[in-house]
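Structure first, commentary second.
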Amino acid sequence: MQDFPDISYESWLDQLQKELKTSILLEKYVKIDENLHTDPFFERRLKHETGRRATSSWTVADRFSLKEHDQADILEALNGGIDGLILDHAEELHDGSIFEGVFFEYLKTYFHFSIQPTENQLENLLKFLEHKGKQHFYISTDKLSSAQISQLNEQEIPLLRYYNLDAHHVVEQLSNITNKIVDYLDSLNSNLQRQKAAEKIVINRKLSTDIIREIAIKQALDIIWEQIIEGFSLEAIPLKVHAKCNIIADETLERQYIALASKGLTAVTASYDLVHIGPADTENNRFHRRISRNIQHLLKMESLMENYRHAYLGSHQISRIGEEIASTAWKKVGQV
């Protein structure tokens, strides 16, 4: 490489346009968001190294409603090799009989309320957690009152504070989420409280099928999170990010599976902590849930994707787009 002299980006682009006999190259762009585009060309300047994951793997999760599903549904998913349970309508938990035969010490289990629970509903959940070992469970604070959150904190119940990042208007959503996180941490009285609170923050990301854009968005999340942690002078904490891989409306079953497999590959390539791939069809639900679980098993056992963290590192295009998303979103913080 020393035999080739350095040239400027402008000189290179001028020569390229002469060789290709066109002057419209810069009119081509990569669409990142509804209101954000990036240049088609950029200098290769970022250096990254791949390496082993700090943890063994991502969590293969399945999602159930305590209102709609039964013990057989959950046991079948466990027999299918999941290691994470996402449970909606936690207010519907009564005596816990739906979990008979479930060994929670081998699982990560997440409870979500659909409404603010009553005193009795919350008490039912607390009794269940105490009986099964509260250290194996995580409770979403989304629908809880301040008094209920304080009650759970006093009993040392693991809580998680979720922020949802959907498929569209990503930059605007990132700015909104960043504002909310910064305001929340700033409202606390000490850095010790902020440190503990930061450990409970989770981003829920609903993935699209655009692999490069999605991985870049995950990198942008990591960049913004590092800036938040540094801004509050906290100890380094990895950001928890969960991936939701859902079906696309009005598509054939074959296309649904292609889309779900693409989203699953994106999630594990970008090092999401937990991945849930929904069923491709609500009819014959157990069969399609099994196929969706097997997508992740193939990624683990056949592709060996669990052996590497941040497998995308070294892609200068992804790094550039990720930096641009993070920079644009960060500029909007405080303006929302």
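For the sequence shown, our numbering begins at 8 and goes up steadily by one.
Glycine included, every Cβ here is placed at the ideal spot set by N, Cα and C.
Bear in mind the structure is a predicted one, so any value in this text is a computation, not a measurement.
- Say whether the segment 186-202 touches the segment 252-271, bearing in mind that this needs 3 or more beta-carbon pairs closer than 8 Å, one atom from each stretch. No: the two stretches stay apart, fewer than three of their Cβ pairs being nearer than 8 Å.
- Item | Where K247 falls, given that 16 or more other Cβ within 10 Å makes a residue buried | That one is buried.
- Query: Going straight from the alpha carbon of V209 to that of F110, what length do you get?
  - Reply: Rounded to the nearest whole angstrom, the CA to CA distance from V209 to F110 is 25 Å.
- Query: Near L192, what residues of its chain come up, given a Cβ to Cβ distance below 8 Å and the 5 sequence neighbours on each side ignored?
  - Reply: Correct list, in chain order: R201, A204, A205, I235, F239.
- Message: Whether or not the segment 276-285 and the segment 64-75 are in contact is what I'm after, with contact meaning three or more pairs of Cβ atoms, one per stretch, closer than 8 Å; do they touch?
- Response: Counting Cβ pairs under 8 Å, three or more are found: they touch.
- Candidates E98, G103, L133: closest to P124 by CA position: Comparing Cα positions, the closest option is E98.
- Message: By the DSSP assignment, the alpha helix (DSSP H) with F294 in it spans what residues?
- Response: Segment 292-308, the alpha helix (DSSP H) holding F294.
- Message: Going by C-alpha to C-alpha distance, which of H76, E137, F144 sits closest to Y117?
- Response: Considering only alpha carbons, the answer is F144.
- Alpha carbon to alpha carbon, how far is L172 from A287? Within the model, the alpha-carbon separation for L172 versus A287 is close to 22 Å.
- Query: Between which two residues does the beta strand (DSSP E) carrying V275 extend?
  - Reply: Taken as a continuous stretch (DSSP letters only), V275 belongs to no beta strand (DSSP E), being part of the alpha helix (DSSP H) at 260-276.
- Taking only the alpha-carbon atoms, compute the straight-line gap between Y264 and D229 and give it to the nearest angstrom. In this structure, the straight-line span from the alpha carbon of Y264 to that of D229 is close to 29 Å.
- Task: Starting from the C-beta of K141, find all residues in its chain whose C-beta is less than 8 Å away, skip the five residues before and the five after it, and write them out in chain order.
- Result: Non-local beta-carbon contacts of K141 in its own chain, meaning distances under 8 Å to residues more than five positions away in sequence, involve Q162, E163, I164, P165 in chain order.
- Message: Between the alpha carbons of A79 and I298, how many angstroms are there, rounded?
- Response: If you draw a straight line from the Cα of A79 to the Cα of I298, it comes to about 17 Å.
- Message: Buried or exposed for A333, going by 16 or more other Cβ atoms inside 10 Å?
- Response: Classification of A333: buried, given that the 10 Å Cβ count is 16 or more.
- Message: According to DSSP, is E330 part of a helix, a strand, or is it coil?
- Response: Helix.
- Under the rule that 16 or more other beta-carbon atoms within 10 Å means buried, what is E242, buried or exposed? With fewer than 16 other CB atoms across the displayed protein chains lying within 10 angstroms of its CB, E242 is exposed.
- Verify the contact flag: K115, CB atom, against every heavy atom of the ligand ATP, threshold strictly below 6 Å. Ligands displayed in this structure: none; no statement on the ligand ATP is therefore possible.
- Query: How would you write the range of the alpha helix (DSSP H) that H143 sits in, first residue to last?
  - Reply: Note, H143: premise wrong, no alpha helix (DSSP H); not H, not E.
- Sequence-distant residues of its chain with Cβ nearer than 7 Å to R296 (five each side left out): Result list for R296: D69, A84, P286, in chain order.
- Item | Contact set for G87: own chain, Cβ-Cβ below 6 Å, skip 5 residues either direction | Taking C-beta separations shorter than 6 Å and ignoring five residues to either side along the sequence, the partners of G87 in its chain run R297, R300, following chain order.
- Three-state secondary structure assigned by DSSP to N211: N211: strand per DSSP, three-state reduction.
- Would you mind sorting I328 into buried or exposed? The rule is 16 or more other CB atoms within 10 Å of its CB. Under a 10 Å Cβ-count criterion, I328 is classified as buried, with 16 or more other Cβ atoms of the shown protein chains found around its own Cβ.
- Helix, strand or coil at V189 [DSSP, three-state]: Secondary structure of V189 (DSSP, three-state): helix.
- Would you decide whether V343 is buried or exposed? Buried here means 16 or more other CB atoms lie within 10 Å of its CB. Bear in mind that the predicted position of V343 carries a pLDDT of just 42, short of 50, making it too unreliable to give a figure here.
- Message: If distances are taken between C-alpha atoms only, which option among K28, I81, L27, L114 comes closest to R293?
- Response: Of K28, I81, L27, L114, the residue nearest in Cα terms is I81.
- Query: Can you give the beta carbon distance from K187 to Y170, rounded, assuming they're within the 8 Å contact cut?
  - Reply: Yes, K187 and Y170 are in contact; Cβ-Cβ is about 7 Å, under 8 Å.
- Task: On the DSSP bridge assignment, give the partners of T7 in chain order.
- Result: Absent from the model: residue 7. The displayed extent of the chain is 8 to 343, so no value can be given.
- Query: Hey, quick one: how far does the beta strand (DSSP E) through L23 stretch, first residue to last?
  - Reply: Note, L23: premise wrong, no beta strand (DSSP E); alpha helix (DSSP H) at 16-27.
- For L181 versus A336, is the C-beta spacing smaller than 7 Å? In contact: L181 and A336 (Cβ atoms closer than 7 Å).
- Query: For P12, does the count of other Cβ atoms within 10 angstroms reach 16, so buried, or fall short, so exposed?
  - Reply: By the neighbour-count rule (16 or more Cβ atoms within 10 Å), P12 is not buried but exposed.
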